[in-house]
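According to my numbering, the stretch in the sequence shown is residues 3 to 251, in order.
Just so it is clear, CB atoms sit at the ideal spot from N, CA and C, and this is done for glycine as well.
Since we're looking at a predicted model, the values are computed, not measured.
Data first, discussion second: the structure below is written as structure tokens.
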Amino acid sequence: MVAKEVIEQPNVKLTPMDDSPLSNPTRYRQLVGSLVYLTTTRPDMAYAVHIVSQFMAAPRSTHYATVLRIIHCVKGTLFHGLHFSANSSPVLRAYSDADWASDPSDRRSTTGYCLFLGNSLISWRSKKQAIPSRSSIEAEYRALGDTISELLSLWWLLEDMGIPQPSFTDLYCDNQSAMQIAHNDVFHERTKHIEVDCHFIRHHVVQGTVHLVFIGSADQLADLFTKAHFPEHFHTLLSKLKLVSSQPP
């Protein structure tokens, strides 16, 4: 049964100066540390935990309330987990996305990616980009670089395990401008500040390691890891990620 009863994502529009500081942040840090560990098997919690983990140094009461809300979500979905198919072809595919200037405190963007082996989700990430991006195209391009790095790591791991991959891997992106930069061998003024990413991504596109495929935003699975969603769309994404309930009758 697909986990449609998952509680909606907590409100994660937080800033460093929300509400009053906690007198003793130890408990907050312990809980967030446990939640970070949990996200290795629960992609539905990855974005929310990514947000609250940014306030470990000086958490505030609003941050703590959000952590408790996440724990409440976990408690209501204890039997939820990923379904791994034994029948699908063991071929990698990847999804890459970014939410531009999403952090209200420093306007850094959020990278989200997920990778499948056949129909089984095996890797995902929600992370804040290292520096602010000057456009949504730049943010998406940085996300592509992170996704390709993870893709290469999994490719080599699978090769070592005796699971060879096709000559190229499909990488789904919903930003056509970023894809055009990857296919353009001429650097423009607007791309010089991301030149390293340009060379890295273009190398793997030209070599045929990666095949960039455009996908509509509504079908972009990595969107789950870049922002909070309304319940209906949230559940739709979880269904496509094969998060299911194994609760006994």
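- Message: Contact defined as beta carbons within less than 8 Å: I believe D176 pairs with S219. What is the distance between those atoms, to the nearest angstrom?
- Response: 5 Å
- Message: Going by DSSP in three states, P233 sits in which element: helix, strand or coil?
- Response: Helix at P233.
- Task: Report the rounded CA-to-CA distance for A132 versus P250, giving the unit in angstroms.
- Result: 43 Å
- Burial state of E191 (16 or more Cβ within 10 Å): With a pLDDT of 48 at E191, under the threshold of 50, the predicted position of this residue should be treated as unreliable, though the coordinate-derived value follows. With fewer than 16 other Cβ atoms within 10 Å, it is exposed.
- Message: Along the chain, where does the alpha helix (DSSP H) containing T113 start, and where does it finish?
- Response: No alpha helix (DSSP H) holds T113; the beta strand (DSSP E) holding it covers 112-119.
- Query: Nearest to S169 by alpha carbon, out of T41, R31, D199, V212?
  - Reply: V212
- Query: From this set, H85, P134, N121, which residue's C-alpha is nearest D105's C-alpha?
  - Reply: P134
- Query: Which one of F57, M47, S179 has the shortest CA to CA distance from P23?
  - Reply: F57
- Message: Counting C-beta neighbours from all protein chains within 10 Å, is the total for M19 16 or more, i.e. buried, or is it exposed?
- Response: Classification of M19: exposed, given that the 10 Å Cβ count is below 16.
- Task: Between the Cα of G147 and those of D108, V207, T17, spot the shortest distance and give me the residue it belongs to.
- Result: V207
- Terminal residues of the continuous alpha helix (DSSP H) containing V38? 28-40
- Query: In the structure shown, what three-state DSSP assignment does H21 receive?
  - Reply: According to the sequence displayed, residue 21 carries Asp and not His. In this structure, D21 counts as coil in the three-state DSSP scheme.
- Task: Enumerate in chain order the residues of its own chain whose CB-to-CB distance from A141 is below 6 Å, with the five nearest sequence positions on each side excluded.
- Result: In its chain, beyond the 5 residues on either side, A100, W102, S111, S135 have a beta carbon closer than 6 Å to the beta carbon of A141.
- Is any beta-carbon of chain C found at less than 9 Å from that of E234? Looking for chain C here will not work: only one protein chain is present.
- Query: G164: buried (16+ other C-beta within 10 angstroms of its C-beta) or exposed?
  - Reply: exposed
- Task: Please go through the same chain and pick out, in chain order, the residues whose beta-carbon is closer than 7 Å to the beta-carbon of L223, but skip the five residues on each side of it.
- Result: Y97, C116, L239, K242, L243
- Message: Measuring only the C-alpha atoms, how far is L153 from Y30?
- Response: 33 Å
- Message: Looking at the strands, I want to know which residues DSSP matches up with D101.
- Response: T112
- Task: Inspect the beta-carbon positions of D143 and A88 and report whether they are closer than 9 Å.
- Result: Sequence check: residue 143 is Tyr here, not Asp. Cβ atoms of Y143 and A88: not closer than 9 Å.
- Task: Consult DSSP for Q249 and reduce its assignment to one of helix, strand or coil.
- Result: coil
- Message: Less than 9 Å between the beta carbons of L16 and V54, yes or no?
- Response: yes
- Task: Measure from the alpha carbon of R127 to the alpha carbon of each residue in L245, L160, M47, T28, then state which is nearest.
- Result: M47
- Going by the beta-carbon positions, is the gap between L94 and L156 smaller than 9 Å? Cβ distance < 9 Å, so L94 and L156 count as in contact.
- Task: Figure out for me which residue from D225, I124, N186, R44 has the closest Cα to the Cα of H82.
- Result: R44
- Decide if Y174 is buried, meaning its Cβ has at least 16 other Cβ atoms within 10 Å, or exposed. buried
- Query: Can you tell which of H52, A67, A59, D221 has its C-alpha closest to the C-alpha of K129?
  - Reply: H52
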